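Residue numbers (the UniProt record's numbering): 1 to 91.
Structure, as structure tokens:
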């Protein structure tokens, strides 16, 4: 199964996160299938590669809770009509 989850980058005390599509059995720092965006919690910036995210969601990828919240704050689900409810997802 493929998940959309965060991969930690940056230096100490200045973490930024890449949003990646990765096999669920891989480690956090493991080899990803594709980079689909990044999130900087310090500057509160987000970049999303929308076609890539839509591709993986159509193929059955599940976003983790944090990635789901990032996508919700960016109004990804409203704008592109993708329906994901936290209650119906399984972690």
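No residue lacks a Cβ here, since even glycine has one placed at the ideal position from N, Cα and C.
Model, not experiment: these values are computed from the prediction.
Rounded to whole angstroms, what's the CA-CA distance from residue i to residue j? Just pull it up for me.
i: residue 47; j: residue 38; result: 5 Å
i: residue 51; j: residue 35; result: 12 Å
i: residue 45; j: residue 11; result: 17 Å
i: residue 79; j: residue 14; result: 31 Å
If we count the other Cβ atoms within 10 Å of its Cβ and call it buried at 16 or more, is residue i buried or exposed?
i: residue 42; result: exposed
i: residue 20; result: buried
i: residue 111; result: Because the chain in this structure spans residues 1 to 91, residue 111 falls outside the shown range and cannot be described.
i: residue 67; result: buried
i: residue 5; result: buried
Residues bridged to residue i by DSSP?
i: residue 38; result: 18, 47
i: residue 7; result: 18
i: residue 2; result: 23
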